[in-house]
Amino acid sequence: MGDFFQSVEQLKGELENELEIQLAQANTAGEIELVRVKFLGRKSPLIQHLKQLAEFPPDQRAPAGKELNILKTAIEHRLVEKKQQVLTRPQGPPLDVTLPGSAVVQGRLHPVTQTIHTILSALLPLGFEIVEGPETEFEYYNFDALNIPRDHPSRESFDTFFLDQPSPDSKKGRLLLRSHTSPVQVRVMERRKPPLRIVVPGKVYRPDPLDPSHSFMFHQVEGLMVDERTSFADLKGVLERFVRTLFGEGTRTRFRPHYFPFTEPSAEVDIACATCQGAGCSTCGRKGWLEIMGCGMVHPNVFKAVGYEVRRVQGFAFGMGVERIAMLKHGITDIRLFFENDLRFLEQF
Ligand code: PHE
Numbered sequence: 116m117g118d119f120f121q122s123v124e125q126l127k128g129e130l131e132n133e134l135e136i137q138l139a140q141a142n143t144a145g146e147i148e149l150v151r152v153k154f155l156g157r158k159s160p161l162i163q164h165l166k167q168l169a170e171f172p173p174d175q176r177a178p179a180g181k182e183l184n185i186l187k188t189a190i191e192h193r194l195v196e197k198k199q200q201v202l203t204r205p206q207g208p209p210l211d212v213t214l215p216g217s218a219v220v221q222g223r224l225h226p227v228t229q230t231i232h233t234i235l236s237a238l239l240p241l242g243f244e245i246v247e248g249p250e251t252e253f254e255y256y257n258f259d260a261l262n263i264p265r266d267h268p269s270r271e272s273f274d275t276f277f278l279d280q281p282s283p284d285s286k287k288g289r290l291l292l293r294s295h296t297s298p299v300q301v302r303v304m305e306r307r308k309p310p311l312r313i314v315v316p317g318k319v320y321r322p323d324p325l326d327p328s329h330s331f332m333f334h335q336v337e338g339l340m341v342d343e344r345t346s347f348a349d350l351k352g353v354l355e356r357f358v359r360t361l362f363g364e365g366t367r368t369r370f371r372p373h374y375f376p377f378t379e380p381s382a383e384v385d386i387a388c389a390t391c392q393g394a395g396c397s398t399c400g401r402k403g404w405l406e407i408m409g410c411g412m413v414h415p416n417v418f419k420a421v422g423y424e425v426r427r428v429q430g431f432a433f434g435m436g437v438e439r440i441a442m443l444k445h446g447i448t449d450i451r452l453f454f455e456n457d458l459r460f461l462e463q464f
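Here the sequence shown is numbered in the working numbering, starting from 116 and rising by one per residue.
Right, dumping it as structure tokens:
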């Protein structure tokens, strides 16, 4: 039976060799399991040899059995070892703690958004609440309810983007992209009774060709205050307070008579040019003043449209262009810079 012992010895050499070759190629726990089945599974040469042991007398069985069990334990160890290696292997390149760190790029708000926040923060302490309205609007809210008659030039498609989509409510006219934030005045007054103090930030659209001061999309902030008694003095008080918060306490303002269909009387608010202090320069087009918003007392026809009792309420409204204010505050000379996504520009804010 020296033969059997010899074949065990031979098996030992072969298996140890072969195990290393196959383990070198096994890189996952699954692959290692396949190797285990091959070397320790029921059909493996090692287990087959162990089974044959029974056929030999005890004196021969002992040394061969001892050898086989040592071999089996060695293979088991080797498999566990390799599995540990695979499971604890670091993913990716080795960690070099001496490399300089990579900085996290910190994002920030777009300058237009920052300006909207600044405008709103100046108005919230005066008791205004923030409201928003849809950018896709009915002709009724954008024009009719705001006392803009059908033959008014701004109703021509030249000044407004009309949508091809059929209107879901023919009584409210066609659908369009709102050309100002004033329609939100009407939407809010339709739903709520005075007293009201609201500010409305949002996007507006006009089919103007792009140039340094025009964009087909820009932002406005609208304001509306309605109560039983609200006078032009209140309007002036609120807007002068607002302008000083925004542009500095020493800023001079001027209310210049103007026309808007939805306010009467109406005015445009100018601030003294910060560059020339009113003397006239290239920033203000030699006027000494910069226009920053439109405003006025809410027109009785607007109150009628929303079902308010005209004799019982008074109110004022104002509307300003956000990009224009951001340009004045930061000395930006081209509105297109806001929308080109050039980081060299955006990173300055
Ligand atoms: N809606 C006007 C505009 O687009 C601005 C405005 C708002 C004027 C409120 C008066 C009152 O230009």
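We put the beta carbon where it would ideally sit given N, CA and C, even for glycine.
Remember, it's a predicted structure, so these values are computed and weren't measured experimentally.
In whole angstroms, what separates the C-alpha of residue 325 from that of residue 452? In the sequence shown, the residue the question calls residue 325 occupies position 210. In the sequence shown, the residue the question calls residue 452 occupies position 337. Cα to Cα, the separation comes out at about 11 Å.
- Query: Going by DSSP, which residues form a beta bridge with residue 410?
  - Reply: Position 295 of the sequence shown, counted from the first residue, corresponds to residue 410. Note: residue 410 sits in a beta bridge opposite 382, 433.
- Task: Please report how far the alpha carbon of residue 228 lies from the alpha carbon of residue 200, in whole angstroms.
- Result: Numbered from its first residue, the sequence shown carries residue 228 at position 113. Numbered from its first residue, the sequence shown carries residue 200 at position 85. The alpha-carbon atoms of residue 228 and residue 200 are separated by roughly 53 Å.
### Query
Exposed or buried, what is residue 116 when buried is set at 16 or more other beta-carbons lying within 10 Å of its beta-carbon?
On the sequence shown, position 1 is the one that residue 116 refers to. Confidence at residue 116 is low in this model, with a pLDDT of 47, below 50, so the placement of that residue is unreliable and no value is reported for it.
* Asked: Where residue 303 and residue 460 are concerned, what is the direct C-alpha to C-alpha distance, given to the nearest angstrom?
  -> Residue numbering aside, residue 303 sits at position 188 when the sequence shown is read from its first letter. Residue numbering aside, residue 460 sits at position 345 when the sequence shown is read from its first letter. Taking C-alpha positions only, residue 303 is separated from residue 460 by approximately 37 Å.
Is the stretch 252 to 263 touching the stretch 224 to 243, taking contact as three or more C-beta pairs under 8 Å?
Judged by Cβ distances under 8 Å, the stretch 252 to 263 makes no contact with the stretch 224 to 243, as fewer than three pairs qualify.
From 164, 194, 208, 196, residue whose alpha carbon lies closest to that of residue 181:
Counted from its first residue, the sequence shown places residue 181 at position 66. Selected option, being the one with the closest Cα: 164.
| task | Drop a sphere of 10 angstroms on the beta-carbon of residue 197, count the other beta-carbons inside from all chains shown, and report buried for 16 or more, exposed for fewer. | result | Here residue 197 refers to the residue found at position 82 of the sequence shown. Counting Cβ neighbours within 10 Å, residue 197 comes out buried, since at least 16 surround it.
Notebook entry, point to check: residue 361 to residue 338, Cα distance in whole Å?
Noted result: Walking along the sequence shown from the start, residue 361 turns up at place 246. Walking along the sequence shown from the start, residue 338 turns up at place 223. Between the alpha carbons of residue 361 and residue 338 lies a gap of roughly 15 Å.
Exercise for the section: Below 8 Å on the Cβ atoms is my guess for residue 434 versus residue 335; work out the distance and round it to an integer in Å. Expected result: Walking along the sequence shown from the start, residue 434 turns up at place 319. Walking along the sequence shown from the start, residue 335 turns up at place 220. Indeed, because the Cβ distance is near 6 Å, the residues count as touching under 8 Å.
- Query: From what residue to what residue does the beta strand (DSSP E) around residue 349 run?
  - Reply: Walking along the sequence shown from the start, residue 349 turns up at place 234. Per DSSP, residue 349 belongs to no beta strand (DSSP E); it is in the alpha helix (DSSP H), 347 to 362.
Run the proximity test for residue 368: is its beta-carbon closer than 7 Å to any non-hydrogen atom belonging to the ligand PHE? Sequence index remark: in the sequence shown, residue 368 carries index 253 (1-based). At a threshold of 7 Å, residue 368 does not count as near the ligand PHE, since its beta carbon sits no closer than that to any of the ligand's heavy atoms.
Report task. Going by DSSP, name the residue or residues bridged to residue 387. Result -> One-based indexing of the sequence shown puts residue 387 at position 272. Paired residue(s): 404.
If I follow the unbroken beta strand (DSSP E) through residue 339, where does it start and stop? Position 224 of the sequence shown, counting from 1, holds the residue named residue 339. Note, residue 339: beta strand (DSSP E), 332 to 342.
Once you ignore the five residues that flank residue 311 on each side, which residues in its own chain have a CB closer than 6 Å to its CB?
By 1-based counting over the sequence shown, the position of residue 311 is 196. So the qualifying residues of the chain are 341.
Taking the alpha carbon of residue 454 as the reference point, which residue from 426, 327, 133, 168 has its own alpha carbon closest? Here residue 454 is taken as the residue at index 339 of the sequence shown, counted from 1. Of the candidates 426, 327, 133, 168, 327 places its Cα closest to the Cα of residue 454.
Practice problem: Decide if residue 251 is buried, meaning its Cβ has at least 16 other Cβ atoms within 10 Å, or exposed. | Solution: Locating residue 251 in the sequence shown gives position 136, where the first residue counts as 1. Exposure of residue 251 is indicated by the presence of fewer than 16 other C-beta atoms within 10 angstroms of its C-beta.
Legend entry - For residue 137 and residue 151, the rounded distance between their alpha carbons: In the sequence shown, residue 151 corresponds to position 36, counting from 1. In the sequence shown, residue 137 corresponds to position 22, counting from 1. Residue 151 and residue 137: Cα-Cα distance of roughly 10 Å.
- Message: Helix, strand or coil, according to DSSP, for residue 212 in the structure here?
- Response: Walking along the sequence shown from the start, residue 212 turns up at place 97. In the structure shown, residue 212 sits in coil (DSSP, three-state: anything other than H, G, I, E or B).
Count the other CB atoms within 10 Å of the CB of residue 301; is the residue buried (16 or more) or exposed (fewer)?
-> What you label residue 301 is simply residue 186 of the sequence shown in a count that begins at 1. The residue in question, residue 301, is buried, as its Cβ has 16 or more Cβ neighbours within 10 Å.
In whole angstroms, what separates the C-alpha of residue 274 from that of residue 282? As a first step, residue 274 is located in the sequence shown; it is residue number 159 there, counting from the start. As a first step, residue 282 is located in the sequence shown; it is residue number 167 there, counting from the start. Approximately 19 Å, taken between the alpha carbons.
Practice prompt. Check residue 118 in the structure and name its three-state DSSP category.
Written response: Locating residue 118 in the sequence shown gives position 3, counting from the first residue. In the three-state DSSP reduction, residue 118 falls in the helix class (H, G or I).
Point to revise | Member of 348, 408, 267 whose CA lies at the smallest distance from the CA of residue 358 | key: Locating residue 358 in the sequence shown gives position 243, counting from the first residue. Nearest to residue 358 by C-alpha distance, out of 348, 408, 267, is 408.
Q. To the nearest angstrom, how far is it from the Cα of residue 212 to the Cα of residue 444?
A. Here residue 212 refers to the residue found at position 97 of the sequence shown. Here residue 444 refers to the residue found at position 329 of the sequence shown. Answer to the nearest angstrom: the Cα atoms are 46 Å apart.
Problem set entry | Range of the contiguous beta strand (DSSP E) that encloses residue 426 | In the sequence shown, the residue the question calls residue 426 occupies position 311. Where residue 426 is concerned, there is no enclosing beta strand (DSSP E), given that its DSSP letter is neither H nor E.
* Proximity test, residue 297 beta-carbon vs the ligand PHE heavy atom, cut-off 7 Å -> Residue numbering aside, residue 297 sits at position 182 when the sequence shown is read from its first letter. Within the cutoff, so yes.
Quick check: does the Cβ of residue 379 come within less than 7 Å of any heavy atom belonging to the ligand PHE?
If you number the sequence shown from 1, residue 379 lands on position 264. Outside the cutoff, so no.
*Verify the contact flag: residue 70, CB atom, against every heavy atom of the ligand PHE, threshold strictly below 7 Å.*
The requested residue 70 does not occur in the structure, where the chain is confined to residues 116 to 464.
Is residue 432 a contact residue of the ligand PHE, with contact defined as CB to any heavy atom under 7 Å? For the purposes of this step, residue 432 is identified with residue 317 of the sequence shown, where counting begins at 1. Within the chosen limit of 7 Å, the ligand PHE reaches the beta carbon of residue 432 through at least one heavy atom.
Practice item. For the beta strand (DSSP E) containing residue 313, list its first residue and its last residue. Key: Taking the first residue of the sequence shown as 1, we reach residue 313 at position 198. Residue 313: member of the beta strand (DSSP E) spanning 311 to 320, first to last residue.
| Taking C-alpha atoms, which residue in 370, 401, 353, 344 lies nearest to residue 427? | Counting from 1 along the sequence shown, the entry for residue 427 is found at position 312. Proximity to residue 427 across 370, 401, 353, 344 peaks at 344, based on C-alpha coordinates.
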